[in-house]
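Trainee: Remember, the working numbering sits 335 above the position in the sequence shown when you count from 1. Built from N, CA and C at the ideal position, the CB exists for glycine as well.
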Amino acid sequence: MTATPEELLARLDALGLHCETHRHPPVFTVEESKALRGDLPGGHCKNLFLKDKKGALWLVVAAEERAIDLKDLRRRIGAAALSFGKPDLLRQVLGVEPGSVSPFALINDTGGRVNVVLDKEMMAEPLLNYHPLDNARTTSIAPEGLLVFLRNTGHNPRIVEL
């Protein structure tokens, strides 16, 4: 059973993490997000759900402007050849639809199948913005709070210079 956005936000609150959530029309791309967000403070991010040739799953979370070369990324994280995970696998493992992927979706990866990689430069931002399982909302969280949440879900993220 997958968590709802309300259950996610309640869990963040139960962990004592200060977050602010904003509603907006659904966005599916970084470009759509840029057009709608106005002056929402903090780092804006992109999330890549990947599968490597050996079957390992990866969630790479980076600053939205960061160019990601999958061959270079593979070397940096020690993965086999990488490709994008299929939508059905995304739904099965993270319980979200394409366009709603974020580190918050790891609440649904109760089996710990996904390896998490966070962009070192992104983590230097004072606030980070992600969809809370729903691409019609954006939730702001401090990087330290994100780490608390991820560890609470059983994920120990790697912070990597991308």
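When the Cα atoms are used, what is the spatial distance from MET457 to LEU468?
Mentor: If you take the alpha carbons of MET457 and LEU468, they lie about 20 angstroms apart.
Trainee: Tell me the residue span of the alpha helix (DSSP H) that contains GLY378.
Mentor: Taken as a continuous stretch (DSSP letters only), GLY378 belongs to no alpha helix (DSSP H), being part of the beta strand (DSSP E) at 378-387.
Trainee: Rounding to the nearest angstrom, what Cα-Cα distance links THR337 and GLU432 in this structure?
Mentor: Their Cα atoms are separated by approximately 12 angstroms.
Trainee: How would you write the range of the alpha helix (DSSP H) that GLU479 sits in, first residue to last?
Mentor: 478-487
Trainee: Would you list the one or two residues that DSSP bridges to ASN464?
Mentor: In the DSSP output, where bridge partners are listed per residue, ASN464 has HIS379 and SER475.
Trainee: For VAL428, which of ALA415, GLY434, SER418 and ILE442 has the nearest alpha-carbon?
Mentor: For the set ALA415, GLY434, SER418 and ILE442, the Cα lying nearest the Cα of VAL428 is the one of ILE442.
Trainee: Between which two residues does the beta strand (DSSP E) holding LEU392 run?
Mentor: 392-398
Trainee: What are the boundary residues of the alpha helix (DSSP H) that includes ASP423?
Mentor: 422-429
Trainee: Taking only three categories from DSSP, how would you classify LEU347?
Mentor: helix
Trainee: Excluding sequence positions up to five away, which residues of its chain have a Cβ less than 7 angstroms from the Cβ of CYS380?
Mentor: Cβ neighbours of CYS380 beyond the five flanking positions: VAL396, ALA397, ALA398, GLU399, MET457, LEU463, ASN464 and TYR465.
Trainee: What three-state label does DSSP hand ASN470 in the structure shown?
Mentor: DSSP places ASN470 in coil when its eight states are reduced to three.
Trainee: Could you tell me the alpha carbon to alpha carbon distance between ASP407 and LEU352, rounded to whole angstroms?
Mentor: Straight-line Cα distance between these residues: approximately 34 angstroms.
Trainee: Output yes or no for whether 7 angstroms exceeds the beta carbon distance between GLY434 and LYS386.
Mentor: Cβ distance not < 7 angstroms, so GLY434 and LYS386 don't count as in contact.
Trainee: For LEU497 and VAL483, what's the separation of their Cα atoms in angstroms?
Mentor: 22 angstroms
Trainee: Do PRO361 and ASN470 have their C-beta atoms closer together than 7 angstroms?
Mentor: The answer is yes: Cβ separation under 7 angstroms.
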